[in-house]
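For reference, the structure is listed below as structure tokens.
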Amino acid sequence: MISKTMEEALNRQVNREFYSSYLYLAMSAYFESASLKGFAHWMRAQATEERTHGQKIFDYILARGGKVTLGDIEAPRGKWTSAGKVFEEVVAHEQKVTGMIHTLVELADKEKDHATFEMLQWFVKEQVEEEANAGDILAQIKLVGDIPGHLFWLDHQLGKRE
Ligand code: FEO
């Protein structure tokens, strides 16, 4: 059984993971409208991945005999004007999520909740990957700059994401 404090904190994280999915879906729509189909595809895959993150915690709460409470999902407010602006926001968002995961780890440690601590280690590693992937793409966007031909090459590369 998990504590009420932990249950609430994990439920909040479920919400933030679903918000991440919503945010990336909005970014995918922006890329579709900008005719960058590869970027749109990458974002849609990312949105799906975020949903699986939320569901992973959702399943964990249930497995520990906790109560899942689904709250409202905040609407993404971004009005993006370029691929660079989008990925700057992705990097900042993932850094924020990393902070949230670390706060959860600290809570699990404080409560001596070893099972939750262990479950969260997957997220700690995942965040390293998430930040690195977004950071790499942002760096590549900066490298190609505003040269349309090069941006299309990058779009093609991102369209290959499984
Ligand atoms: Fe679920 Fe992108 O962190």
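Position 59 (the sequence shown) corresponds to 84 in our numbering; numbering is contiguous. For every residue, glycine included, the Cβ atom is placed at its ideal position computed from N, Cα and C.
Selected residue, minimal CA-CA separation from residue i, among the options
i: Gln-80; options: Leu-50, Arg-37, Pro-101, Glu-119; result: Arg-37
i: Glu-154; options: Ser-46, Glu-99, Lys-92, Glu-74; result: Glu-74
i: Ala-108; options: Leu-183, Gly-96, Ala-88, Glu-187; result: Leu-183
i: Pro-101; options: Lys-167, Tyr-55, Glu-151, Glu-187; result: Tyr-55
i: Thr-77; options: Tyr-47, Phe-64, Ser-60; result: Tyr-47
i: His-139; options: Phe-112, Arg-89, Glu-33, Trp-67; result: Arg-89
i: Glu-151; options: Gly-124, Met-26, Glu-57, Gly-170; result: Gly-124
i: Ala-51; options: Glu-187, Ile-27, Ser-60, Lys-104; result: Lys-104
i: Ala-159; options: Pro-173, Lys-137, Lys-110; result: Lys-110
i: Lys-121; options: Pro-173, Val-39, Glu-156, Glu-187; result: Glu-156
Residue interval of the alpha helix (DSSP H) (run including residue i)
i: Glu-154; result: 139-169
i: Trp-178; result: 173-183
i: Ile-86; result: 62-88
For residue i, three-class secondary structure by DSSP
i: Lys-29; result: helix
i: Val-93; result: coil
i: Thr-123; result: helix
i: Arg-186; result: coil
i: Ala-34; result: helix
Cβ-heavy atom distance, residue i to the ligand GDP, below 7 Å
i: His-78; result: The ligand GDP is absent from the structure shown, which contains only the ligand FEO.
key: the stretch 156-164 contacting the stretch 130-148, beta-carbon criterion three pairs below 8 Å   = No, they do not touch.
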